[in-house]
Amino acid sequence: MKLKNNHTIGIVGLGLMGSSIAAALLINGQKVIAVAPIVSKIDKSAPDRIRHSLEECYSEGITTKRPDELLENITYTSDYIGLKNCWLVMECVFENLAIKQEVFKKIEACVSDEVIITSNTSAMPISMLQNHFRVPERFFGMHWAEPSYTSPFLEIVCGEKSPITIGEQLHAIAKEWGKEPTLVRKDIRGFITNRIMYAMYREAFHLVENGYATVADVDRACKNDGGHWMAFCGLFRYMDLTGLKAYHAVMKDLFPELSNQKTVPKLIDDIAKADGNGIFNGKGFYEYTPEEAKKWEETFEKFSFDIHRLTSNYNKTVANISSKKFTE
Ligand SMILES: NC(=O)c1ccc[n+]([C@@H]2O[C@H](COP(=O)([O-])OP(=O)(O)OC[C@H]3O[C@@H](n4cnc5c(N)ncnc54)[C@H](O)[C@@H]3O)[C@@H](O)[C@H]2O)c1
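According to our numbering, the sequence shown is numbered sequentially starting from 1.
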């Protein structure tokens with residue numbers, strides 16, 4: 001089946017990610033139908049947040065189009081029926097199965113059978129979610145990163161019933177949106193990055209909870225080691241660049257000693273149960289005044305534009321270096 005891409009994309013849920021994805025699509029020439037069925041505080045602020053992201057993209061040179069011009073391509077509604085002319089609908093609501101199921105049903109009731117529906121789920125298996133659809137083959141994972149308008153990251157995930165040929169078309173279309181997408185051909189919980197990142201989170205908790213290092217030292221070590229090369233290359237390339245044999249030697253002794261804890265760490269459990277939500281309410285692994293939280297948020301946004309510029313330049317350079325095995 002050839003996808004009928006009419007460049008009109010629906011987004012359901014205008015929280016942090018939904019609005020960030022809307023901005024990413026707008027700067028890449030798509031029309032967006034933005035559906036906020038629950039008019040919560042975060043959804044109400046979505047138009048302002050999207051405008052702000054577009055203004056930043058314009059002033060940072062990521063787009064040459066002015067925000068007002070781009071905003072002509074977005075329609076806000078609370079009614080699912082607004083999705084009827086979309087070729088693709090992205091679900092972007094809470095990471096909660098019952099809520100996602102209810103939302104899938106409402107989306108499917110409003111669109112024709114050939115419309116593709118995706119979920120931005122962080123870790124729910126696509127094959128499991130797929131079974132909640134009348135037409136399961138239309139469903140894929142489309143996992144974005146925050147901020148979606150600067151990050152080149154996008155994971156397209158096939159479920160057991162999603163045809164790989166459609167996954168490949170979505171992958172090609174995502175490239176047209178300025179992404180460097182990955183295609184997960186066989187469904188696995190957590191996909192690529194969350195499996196890798198959560199292995200790191202687990203080890204980070206292990207080190208802190210067992211008194212080997214403080215939260216701040218673990219953060220410092222990650223930022224100054226992995227943080228200095230991960231935007232340049234991936235894990236396998238890094239092993240090639242720094243001597244594969246050394247990694248081979250270390251793995252034998254270190255792997256058996258890494259944490260394989262199966263339960264949620266007490267450190268995050270205690271904070272979450274006391275309603276801590278990081279910069280969003282000032283209570284996380286660190287504490288924040290409202291002013292500090294705002295500064296962290298603004299600085300992270302500025303950093304994301306700078307790193308986007310830096311990696312775009314280096315991507316052009318490395319694209320010209322030949323490398324045969326295991327490349328696309
Ligand atoms: N935050 C991230 O960095 C990130 C990264 C990748 C993926 N994700 C995933 O993206 C999805 C959304 O996450 P977020 O961070 O934007 O969350 P969020 O809390 O900012 O927004 C959640 C949205 O869900 C909507 N919603 C809640 N109940 C609903 C219902 N019954 N019907 C319709 N809409 C409803 C809310 O109104 C809100 O717009 C989740 O699946 C999350 O795991 C998040």
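Heads up, the beta-carbon is just placed ideally off N, CA and C, and yes, glycines get one too.
| Query | Result |
| --- | --- |
| Do L88 and I9 count as a contact pair if the criterion is CB distance below 7 Å? | yes |
| If you run the structure through DSSP and keep just helix, strand and coil, what is I116? | strand |
| Measuring only the C-alpha atoms, how far is V93 from T242? | 41 Å |
| For the candidate residues C86, S148, C233, whose alpha-carbon lies nearest to that of E56? | S148 |
| Using a 10 Å radius around the Cβ and a threshold of 16 neighbouring Cβ atoms, would you call S312 buried or exposed? | exposed |
| Measuring only the C-alpha atoms, how far is G29 from K283? | 38 Å |
| Assign R138 to buried or exposed, taking buried as 16 or more other Cβ atoms, counted over all protein chains shown, within 10 Å of its Cβ. | buried |
| Would you kindly check if the distance between the Cβ of L154 and the Cβ of K339 is under 7 Å? | Outside the displayed range of the chain (1 to 328) lies residue 339, so it cannot be described from this structure. |
| What are the boundary residues of the alpha helix (DSSP H) that W296 is part of? | 290-319 |
| Return yes when at least one heavy atom of ligand 1 lies under 6 Å from the C-beta of M230, else no. | no |
| According to the neighbour-count rule (16 or more other Cβ atoms, all chains shown, within 10 Å of its Cβ), is L310 buried or exposed? | exposed |
| Could you check the C-alpha separation between G159 and A272 for me, to the nearest Å? | 31 Å |
| Return the bridge partner residues of T182 from the DSSP annotation. | E155 |
| Compute every distance between the C-beta of G278 and the non-hydrogen atoms of ligand 1, then say whether any falls below 6 Å. | no |
| Closer than 6 Å to a non-hydrogen atom of ligand 1 - does that hold for the CB of S40? | yes |
| If we count the other Cβ atoms within 10 Å of its Cβ and call it buried at 16 or more, is D43 buried or exposed? | buried |
| Considering only heavy atoms of ligand 1, does any lie closer than 6 Å to the CB of M142? | no |
| With the cut-off set at 7 Å, would you say A46 and L14 are in Cβ contact? | yes |
| Check each candidate in Q169, Q101, K41, M17 and name the one with the smallest Cα separation from N120. | M17 |
| List the residues that DSSP assigns as beta-bridge partners of H143. | E155 |
| Shorter than 6 Å, the distance from the beta carbon of G284 to the closest heavy atom of ligand 1, or not? | no |
| Can you tell me whether DSSP reads G282 as helix, strand or coil? | coil |
| Helix or strand or just coil, what does DSSP make of K100? | helix |
| Assuming I117 and I126 are in contact, meaning their beta carbons sit under 8 Å apart, how far apart are those beta carbons, in whole angstroms? | Not really, about 11 Å apart at Cβ, beyond 8 Å. |
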